[in-house]
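K.L.:
Numbering of the sequence shown is given in the working numbering, commencing with residue 71 and proceeding in unit increments. Ideal Cβ positions, reconstructed from N, Cα and C, are used throughout, including at glycine. If you scroll down you'll find the structure; I have some questions about it.
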Amino acid sequence: MNKFKFYFIAFTASLTLFSCHKNDDGVSIAPPRDSAEQYTTDIDSIETYLKTHYLTVTETDGLQDISIDTLLASNPDGHVSIWDNTEFPLQFKTVKNDVRKTNLVDGASDDAVDYKLYYLILNPGGGENRPTAVDSTFTSYRGWKLDNEEFDRNKNGVWSSFPVLSSTEGSFISGYRQFLSELRPAESVTPNGDGTYTFNNAGVGVVFIPSGLAYFNSSRSGIPAYSPLAFTIRLNTVKYRDHEGDKVLSIYEDLNHNGNNFDDDSDGDNVPDFLDLDDDGDLFLTKDEVRKPTGTPGLSAFYPFNPGTDEPSGIPSCSGDVTTTTRLRKHLDSSCH
C-alpha cells in the first residue's frame, strides 16, 4: 500500500472574521510593526480602557450582552470599573498567536509574544464539554473597538473551525478562538420553527483582544490596522472533528495533552497526527487499523478511542489491551497493524 498523506500546506488558519467580512473588498495592509512593541501599546490601551470604563449587563437582540460607558471623574452613581468589578471579575489567560504559516508541525508563526487575553464570564454555560482548539464551534457575537464603536454582530450564530482545510470552512481570529475554551456550550437547544434555534443556558463571555491576536496590520471595514478589539461571545454548540477522516477524533490526537495538536507527530514525518492518514508510518491507514473485525461487540464499525457504555472495547494495543488508559494503541505502534 502506498502511504497516503494529507499535506495541507496551502491552508493556513484564517486571519479573517469570515462571518462579517467574507467578501470585504476594503481590506488593506499597513507596513508591519514589531509584534512585541505593538503588543506593549495594545495591552496598555486595553488596561486603560478596563480601568476607565464600567459595564452594565443588558440584552442585544434578546440575548445577554453588556453596554460599556466611561467612568466620570465625579462618578455620582458609584459605578465600578471593569478592572475592579467583583460581580463579573476580570480574568486573563496568557496565550501564543496560533495563526500558522502552514499546518505542518514546523509551520508555527514566528510571533514569539506571550499575549494576555483579558476576559470576564457573564454565564459559564450549562453544557457538558468545553471546546478544544480543534473543535468546531457555533457562536454568536457582537464586536466593538475600544472607542465603543460596534463593527459587527451576529445573533443567529455561525460555524467556525480550526484549522481551515477547505474553501467551505471559515475561522475566527486567534484571540476569539482561544477564548472559547473558557465557556461551556448551551445546556439544550430548542427549534424555533423558522430555521433558527434558541440555545438555552449557553456560555456567554466578553474578551478583550490585542491586535496581534486580531487583524494586526490588516484593516477591515470599520476596523483600522493595529486595533485592539472586544467581543461579547455566546458559545452555542460544539462539534468534535475528525479532520482527516481516520476515525480517530482530533481531540484524542493531542497525545501530550498540551492543547496543541500540531506538535504530536508519532511517525516524525512533519505531518501532525490529526492531519495524518497513517499516524505511525507503517504503510497501513489509521482507519483500517481501528476498524473492528466482524462480530466485535458495539454499535460502530470502528473502535472508539476509549471504551464506552455501548462500546466495551477501545482501540486495542498490539497485545490486545482494550481498556487501559495509558496503553499504546495499535494505530500509533508500527510493530503491528
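With DSSP run on the structure shown, which of helix, strand or coil describes Y285?
P.N.:
Reduced to three states, the DSSP call for Y285 is coil.
K.L.:
Beta-carbon within less than 8 angstroms of V259's beta-carbon, same chain only, minus the 5 sequence neighbours each way: which residues are those?
P.N.:
Correct list, in chain order: Y267, T268, F269, N270, N306 and T307.
K.L.:
Under a Cβ-count criterion, where at least 16 other Cβ atoms within 10 Å of its own Cβ denotes burial, should H327 be classed as buried or exposed?
P.N.:
Under this definition H327 is an exposed residue.
K.L.:
Go through its chain and collect everything with a Cβ distance to P367's Cβ below 6 angstroms, but skip five positions before and after it.
P.N.:
Within the same chain, P367 has close Cβ partners P382.
K.L.:
Please say whether T302 and V341 have beta carbons closer to each other than 9 angstroms?
P.N.:
Result no, Cβ atoms of V341 and T302 do not sit closer than 9 angstroms.
K.L.:
With a Cβ-Cβ cutoff of 9 angstroms, do A187 and F162 count as a contact?
P.N.:
According to the sequence provided, residue 187 is Leu. The question's Ala does not apply to it. Yes, they are a contact pair.
K.L.:
Mapping DSSP to helix, strand and coil, what is Y373?
P.N.:
Note: Y373 maps to coil in three-state DSSP.
K.L.:
Can you list, in chain order, the stretches of the alpha helix (DSSP H) that have 4 or more residues and sit fully within the region 303-389?
P.N.:
Listed in chain order, the complete alpha helix (DSSP H) runs (minimum 4 residues) inside the region 303-389 are 356-359.
K.L.:
Distance, Cα to Cα, R223 vs T209?
P.N.:
About 11 angstroms.
K.L.:
Just the Cα atoms here: how many angstroms apart are N199 and Y189?
P.N.:
Each residue's alpha carbon lies about 19 angstroms from the other.
K.L.:
With respect to the alpha helix (DSSP H) encompassing S179, which residues constitute its N-terminal and C-terminal limits?
P.N.:
From DSSP, S179 is part of no alpha helix (DSSP H); its letter is neither H nor E.
K.L.:
What would DSSP say about T122, mapped onto helix, strand or coil?
P.N.:
Residue state, collapsed to three classes: helix.
K.L.:
If we call anything under 9 angstroms between Cβ atoms a contact, is G329 one with T202?
P.N.:
Going by C-beta atoms, G329 is nearer than 9 angstroms to T202.
K.L.:
Have a look at S236 and R311 and give me their C-alpha separation to the nearest angstrom.
P.N.:
Spanning the two alpha carbons is a distance of roughly 14 angstroms.
K.L.:
Would E323 be called buried (16 or more neighbouring beta carbons within 10 Å of its own) or exposed?
P.N.:
E323 should be labelled buried.
K.L.:
Here's the rule I'm using: 16 or more other beta-carbon atoms within 10 Å means buried, otherwise exposed. How should E314 be labelled?
P.N.:
With 16 or more other Cβ atoms within 10 Å, it is buried.
K.L.:
Taking only three categories from DSSP, how would you classify R397?
P.N.:
Three-state result, R397: coil.
K.L.:
Using the DSSP secondary-structure output, state which residues sit across from I136 in a beta bridge.
P.N.:
Beta-bridge pairing links I136 to V127.
K.L.:
Ignore the nearest five residues each way along the sequence and tell me which others in D455's own chain have a CB closer than 6 angstroms to its CB.
P.N.:
With the chain running from 71 to 407 in the structure shown, residue 455 is simply not present.
K.L.:
Taking DSSP as the reference, what is the three-state secondary structure of C406?
P.N.:
Note: C406 maps to coil in three-state DSSP.
K.L.:
Between which two residues does the alpha helix (DSSP H) containing F249 stretch?
P.N.:
Unbroken alpha helix (DSSP H) run through F249: S244 to F249.
K.L.:
Counting only the same chain and skipping the five closest in sequence on each side, list residues whose C-beta sits under 8 angstroms from that of D176.
P.N.:
The answer, listed in chain order, is N340.
K.L.:
Distance check for V169 and E107, CA to CA, integer angstroms please.
P.N.:
Using only the alpha carbons, I get a separation of about 19 angstroms.
K.L.:
Skipping 5 residues on each side, what residues in its chain have a beta carbon closer than 6 angstroms to that of S289?
P.N.:
S98 and A295.
K.L.:
Among F158, S115, I113 and R254, which residue has its Cα nearest to the Cα of G195?
P.N.:
Measuring from the Cα of G195, the nearest candidate turns out to be R254.
K.L.:
Output the distance between the C-alpha atoms of L141 and K121, rounded to the nearest integer angstrom.
P.N.:
Their backbone Cα atoms lie some 9 angstroms apart in a straight line.
K.L.:
Helix or strand or just coil, what does DSSP make of S206?
P.N.:
Of the three classes helix, strand and coil, the one that applies to S206 here is strand, per DSSP.
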